[in-house]
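Reading through the structure tokens given below for one structure.
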Amino acid sequence: MTPPGSALLVAGVVVLLLLGWVAFTLTRLRRLEGRVDRAWDVLDTALARRADLAAAAARERPAVLGEERARALASAVAQARRPPGGDREAAENALGRQLRDLAHPGDEVDDAAWRVGLARRFYNDAVRDTRALRRRPAVRLLRLRRRRPLPRFFDIDDGMDAVVGTGPPSTR
1 MTPPGSALLV AGVVVLLLLG WVAFTLTRLR RLEGRVDRAW DVLDTALARR ADLAAAAARE
61 RPAVLGEERA RALASAVAQA RRPPGGDREA AENALGRQLR DLAHPGDEVD DAAWRVGLAR
121 RFYNDAVRDT RALRRRPAVR LLRLRRRRPL PRFFDIDDGM DAVVGTGPPS TR
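In UniProt numbering, the protein residues as written are 1 to 172.
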């Protein structure tokens, strides 16, 4: 083979390898974005379930909770369902603080709070992985998926940050 022919062959192989990498990376980005979407749906459902259970506790047990605490809990639930100013994280934090202040909100509420923490972790892990891939120099240089906004982390104080490798809280 002549030198120009071998250079053309090498260039063709490099272009094919680059196209294969781009296809692989685009597929991975789409899968990660799908993972973020699914994790958000699970987190949103867990947050709604926790709010529903907290509202039921405030409505059905005001004598046990105390009238003032039941009103504060109901107010926090209302703000979590329709966050003022659109700041859902702050509203969910307020609801979480109200629930933690209760002596024993009930096993279902504890379970729902635990599920919120796990769902938040899965969601934030998916966001982290997506952002890490999108920050790679080659991905930024080729502007892959640049029209899609970067997903945002959902950071609330659910008491799960210090928990590593343990099960749900005991009901003893």
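All C-beta atoms in this analysis are idealised placements derived from N, C-alpha and C, irrespective of residue type, glycine included. Since the model is a prediction, treat every value here as computed from it, not as a measurement.
With contacts defined by Cβ atoms closer than 7 Å, arginine 49 and alanine 112 form a contacting pair.
Ala76 is the residue among Ala76, Arg134, Arg115 whose C-alpha sits nearest the C-alpha of alanine 94. Rounded to whole angstroms, the gap between the alpha carbons of arginine 128 and arginine 120 is 12 Å.
Nearest in C-alpha terms to leucine 53, of all of Pro84, Arg115, Ala23, Thr27, is Arg115. Alanine 126 sits away from glutamine 98, with the two beta carbons spaced by 7 Å or more. Residues of the same chain with a CB within less than 8 Å of the CB of glutamine 79, apart from the 5 flanking positions on each side, are Ala91, Ala94, Leu95 in chain order. The DSSP-derived three-state label of alanine 78 is helix.
In the structure shown, glycine 5 falls within a helical segment according to DSSP collapsed to helix, strand and coil. Inclusion of proline 151 and valine 36 in the CB contact set at 7 Å is warranted, their separation being smaller than that value. A Cβ-Cβ distance of about 6 Å is found for the pair alanine 74 and alanine 55, placing them in contact under the 8 Å criterion.
Remark: C-beta atoms of leucine 29 and arginine 146 do not approach each other more closely than 7 Å.
If you look at glycine 117, you'll find it in the alpha helix (DSSP H) that goes 107-134. Rounded to whole angstroms, the Cβ separation of threonine 27 and valine 139 is 13 Å, and the two are not in contact under 8 Å. Distances from the alpha-carbon of histidine 104 to those of Arg82, Ala57, Leu9, Pro4 put Ala57 closest. Sixteen is the threshold: when 16 or more other Cβ atoms of the shown chains lie within 10 Å of the Cβ of leucine 102, as they do, the residue is buried. For arginine 100, the enclosing alpha helix (DSSP H) begins and ends at 88-101.
Leucine 8 sits exposed, since fewer than 16 C-beta atoms from the chains shown fall within 10 Å of its C-beta. With a 10 Å radius around the Cβ and a threshold of 16 neighbouring Cβ atoms, valine 109 comes out buried.
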